Amino acid sequence: MTKAPLHEATYLILTALVEAPRHGYAVLEEVRRISDGRVDLRAGTLYAALDRLRTEGLVDIEREEQVQSRLRRYYRLTASGAQRLAEESARLRSNAEAASVRLRRAGFILDGGAA
6 MTKAPLHEAT
16 YLILTALVEA
26 PRHGYAVLEE
36 VRRISDGRVD
46 LRAGTLYAAL
56 DRLRTEGLVD
66 IEREEQVQSR
76 LRRYYRLTAS
86 GAQRLAEESA
96 RLRSNAEAAS
106 VRLRRAGFIL
116 DGGAA
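Count the sequence shown with my numbering and you get residues 6 to 120, in order.
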């Protein structure tokens, strides 16, 4: 069974958690940084995605701490999440290479850059 491609936001959330566990606001900031500002998630979107990713076993809660009477939850990437991110990265690389080859053959890309 082929897995459905990850949405860009989901892909970037998983990517944001590769190096270290992060709390929600830190995930938002990391996604913004990784995407060079193209993807600016809203908190509601992020937490809905994190809940779904937890249900799927791709992320888990690392720890919780109290900060100024609010609960801060840190999320971490699971081994399954890392595997899914690696699979999606390979799929995207393969698609990008196929497009680049065709663009070069059609003369739209010269020497690795746009024509």
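Backbone N, C-alpha and C define an ideal beta-carbon position, used for all residues, glycine too.
Since this is a predicted model, take the numbers as computed values, not measurements.
With distances taken between CB atoms, is the gap from Ala14 to Thr50 smaller than 8 Å?
yes
Closest by CA to Ala21, which one among Val44, Ala104, Arg110 and Arg107?
Closest by alpha carbon: Val44.
According to DSSP, which residues form a beta bridge with Gln71?
BP columns for Gln71 point to Leu76.
Using the three-state DSSP reduction, which class does Arg43 fall into: helix, strand or coil?
coil
Going by DSSP in three states, Leu58 sits in which element: helix, strand or coil?
helix
Can you tell which of Ile18, Glu92, Arg89 and Arg37 has the C-alpha that lies nearest to the C-alpha of Asp56?
If we check each option's Cα against that of Asp56, Ile18 comes out closest.
On the DSSP letters alone, give me the boundaries of the alpha helix (DSSP H) that Leu97 sits inside.
Ala84 to Arg110
Express the C-alpha separation of Arg75 and Ala54 in angstroms, rounding to a whole number.
Using only the alpha carbons, I get a separation of about 21 Å.
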